[in-house]
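Peer 1:
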DNA sequence: TTACTAGAGGAAAATGATTATCTATTAGTA
DNA sequence: TACTAATAGATAATCATTTTCCTCTAGTAA
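Protein chains in written order, with our numbering: chain A, 55 to 200; chain B, 55 to 200.
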């Protein structure tokens with residue numbers, strides 16, 4: 055799971071450059087979000103961090119995640135029926151979400167990149183970001199419900 | 055602003071068919087959401103309803119909106135940095151959102167309807183719904199910031 | 001290595017949106 | 001016109017998230 059080791063180091067460097075510190079708790083958050091690229095909520099990140107640092111407070115996770123968000127190194131995905139999930143890849147990209155087990159995965163769809171530009175042109179908006187999500191039932195959950 | 059008068063009447067009929075009642079407060083909520091198709095949050099709906107019925111409680115708006123949501127006649131759009139907005143058109147459709155003035159408008163994009171089916175085929179998911187949103191700055195807000 | 005200091009952590013209180021509760025009221029029906 | 005279950009209104013409760021306040025420590029410089 056060392057896929058995004060390089061970006062992990064970049065984020066750490068940027069953290070320091072912005073006058074922030076690299077604490078063990080922060081390192082643990084970065085590992086699970088930026089390096090392992092899991093799409094977790096704060097409670098789930100908290101569980102991961104507590105495995106290594108049992109004294110950790112939930113507030114610390116919230117603070118860390120907000121620092122990363124403000125630096126633009128992490129993206130927040132808010133939902134109506136659930137708490138927010140965080141993505142270590144801050145560039146907008148489509149997601150596929152199982153409404154049963156709540157798993158979130160990235161998907162590649164080629165034609166989509168052109169869309170924001172077209173909307174900007176047609177509507178006169180200055181497009182900053184976008185959000186493409188598909189909600190459904192993943193293969194595993196389809197099986198277990200039968 | 056009588057664009058969606060027919061659907062307003064359909065929703066009222068369905069409300070009654072489901073054993074619900076049509077109260078003046080509910081009628082006011084339906085008018086602003088289903089007939090006028092504004093994309094409002096609960097507080098904004100509350101203000102509209104209070105104009106006609108000053109005694110209305112915020113809790114009533116929440117309850118009404120939840121009844122409509124459970125009946126599938128209204129769609130909820132949750133955001134990370136703001137409270138939920140409601141859309142009187144429950145069929146998934148793309149939105150264009152100004153991050154400055156928070157205005158939400160519907161947009162037409164032809165090619166998008168095929169996408170959920172393609173994702174379903176490629177990933178083995180049973181796609182139930184989707185969400186396409188573009189975030190940017192509307193022409194009016196671009197002017198005022200200069 | 002040590003000392004310094006601003007940033008960070010921990011615990012708990014505060015906040016704010018949303019939901020639940022509990023009567024009094026009323027829409028729809030007989 | 002009366003009946004009754006659904007609804008309104010007021011308020012308390014809930015839950016995710018933020019803030020506060022004080023102690024601790026990462027990073028730096030002597």
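Every residue, glycine too, gets a C-beta built ideally from N, C-alpha and C.
Going by DSSP in three states, residue 100 of chain B sits in which element: helix, strand or coil?
Peer 2: Start at 1 with the first residue of the second chain, and residue 100 of chain B comes out as number 46. DSSP places residue 100 of chain B in helix when its eight states are reduced to three.
Peer 1: May I ask you to list, following chain order, the residues of the stretch 166–185 of chain A that have a beta carbon less than 9 Å from some beta carbon of chain B?
Peer 2: Those would be 166, 169, 170, 172, 173, 174, 176, 177, 178, 179, 180, 181, 182, 183, 184 and 185, in chain order.
Peer 1: Spell out whether any CB of chain A is found under 8 Å from the CB atom of residue 231 of chain B.
Peer 2: Nothing in the structure corresponds to residue 231 of chain B, since chain B is present only between 55 and 200.
Peer 1: Taking only the alpha-carbon atoms, compute the straight-line gap between residue 73 of chain B and residue 95 of chain A and give it to the nearest angstrom.
Peer 2: Residue mapping note: residue 73 of chain B aligns to position 19 of the second chain, counting from 1. Residue mapping note: residue 95 of chain A aligns to position 41 of the first chain, counting from 1. Approximately 38 Å, taken between the alpha carbons.
Peer 1: Residues in the stretch 146–161 of chain A with C-beta within 7 Å of chain B's C-beta atoms, listed in sequence order?
Peer 2: Under the 7 Å Cβ criterion, the stretch 146–161 of chain A contributes 150, 153 and 161.
Peer 1: Which residue wins for smallest C-alpha separation from residue 153 of chain B, given the options B:89, B:174, B:68 and B:193?
Peer 2: Residue 153 of chain B sits at position 99 when you count from the first residue of the second chain. With distances taken between Cα atoms, residue 153 of chain B lies closest to B:193.
Peer 1: Express the C-alpha separation of residue 78 of chain A and residue 161 of chain B in angstroms, rounding to a whole number.
Peer 2: Indexing the second chain from 1 puts residue 161 of chain B at position 107. Indexing the first chain from 1 puts residue 78 of chain A at position 24. Going by the C-alpha atoms only, they are around 46 Å apart.
Peer 1: So with CB distances below 9 Å, who are the chain A contacts of residue 196 of chain B?
Peer 2: Start at 1 with the first residue of the second chain, and residue 196 of chain B comes out as number 142. Here the neighbours are 178, 179 and 180.
Peer 1: Verify whether the separation of the beta carbon atoms of residue 191 of chain B and residue 180 of chain A is less than 8 Å.
Peer 2: As a first step, residue 191 of chain B must be located in the second chain, where it is residue number 137. As a first step, residue 180 of chain A must be located in the first chain, where it is residue number 126. Yes.
Peer 1: Buried or exposed for residue 116 of chain B, going by 16 or more other Cβ atoms inside 10 Å?
Peer 2: Residue mapping note: residue 116 of chain B aligns to position 62 of the second chain, counting from 1. Burial call: exposed.
Peer 1: Which residues in chain A have a C-beta closer than 9 Å to the C-beta of residue 193 of chain B? List them in chain order.
Peer 2: In the second chain, counting from the first residue as 1, residue 193 of chain B sits at position 139. Going along chain A in sequence order, the residues near residue 193 of chain B (Cβ under 9 Å) are 177, 178, 179 and 180.
Peer 1: So which residues of chain A does residue 190 of chain B contact, with C-beta pairs closer than 9 Å?
Peer 2: Here residue 190 of chain B refers to the residue found at position 136 of the second chain. Correct list: 170, 173, 174, 177, 179, 180, 181, 182, 183 and 184.
Peer 1: Apply the 10 Å Cβ neighbour rule to residue 146 of chain A and answer buried if 16 or more other Cβ atoms are within range, or exposed otherwise.
Peer 2: Here residue 146 of chain A refers to the residue found at position 92 when the first chain is read from its first residue. Buried, because 16 or more other Cβ atoms sit within 10 Å of the Cβ of residue 146 of chain A.
Peer 1: Which one of A:168, A:188, A:158 and A:178 has the shortest CA to CA distance from residue 172 of chain B?
Peer 2: On the second chain, position 118 is the one that residue 172 of chain B refers to. Comparing Cα-Cα distances from residue 172 of chain B to each of A:168, A:188, A:158 and A:178, the minimum goes to A:188.
Peer 1: Counting only Cβ pairs nearer than 7 Å, list the residues of chain A close to residue 99 of chain B.
Peer 2: Your numbering for residue 99 of chain B matches position 45 in the second chain. Neighbours of residue 99 of chain B on chain A: none; closest Cβ ~16 Å, over 7 Å.
Peer 1: Can you tell me where the alpha helix (DSSP H) holding residue 62 of chain A begins and where it ends?
Peer 2: Along the first chain, one-based indexing puts residue 62 of chain A at 8. Start and end: 59–71.
Peer 1: I need the boundaries of the alpha helix (DSSP H) containing residue 166 of chain A, first residue and last residue.
Peer 2: In the first chain, counting from the first residue as 1, residue 166 of chain A sits at position 112. Here residue 166 of chain A belongs to no alpha helix (DSSP H), and DSSP marks it neither H nor E.
Peer 1: Between which two residues does the alpha helix (DSSP H) carrying residue 112 of chain B extend?
Peer 2: For the purposes of this step, residue 112 of chain B is taken as the residue at position 58 of the second chain. Looking at the DSSP string, the run of the alpha helix (DSSP H) that includes residue 112 of chain B is 112–124.
Peer 1: Grab the span of the beta strand (DSSP E) containing residue 127 of chain A for me, first residue to last.
Peer 2: Translated into positions along the first chain, residue 127 of chain A becomes position 73. Taken as a continuous stretch (DSSP letters only), residue 127 of chain A belongs to no beta strand (DSSP E), as it is neither H nor E.
Peer 1: For a quick check, are the C-beta atoms of residue 127 of chain B and residue 144 of chain B less than 8 Å apart?
Peer 2: Within the second chain, residue 127 of chain B is the residue found at index 73, counting from 1. Within the second chain, residue 144 of chain B is the residue found at index 90, counting from 1. Taking 8 Å as the Cβ cut-off, residue 127 of chain B and residue 144 of chain B qualify as a contacting pair.
Peer 1: Around the C-beta of residue 82 of chain A, are 16 or more other C-beta atoms found within 10 angstroms, so that it is buried, or is it exposed?
Peer 2: Sequence index remark: in the first chain, residue 82 of chain A carries index 28 (1-based). So residue 82 of chain A counts as buried.
Peer 1: Figure out for me which residue from A:140, A:131 and A:155 has the closest Cα to the Cα of residue 89 of chain A.
Peer 2: Taking the first chain and counting its residues from 1, the one referred to as residue 89 of chain A is at position 35. Ranking A:140, A:131 and A:155 by Cα distance to residue 89 of chain A puts A:140 first.
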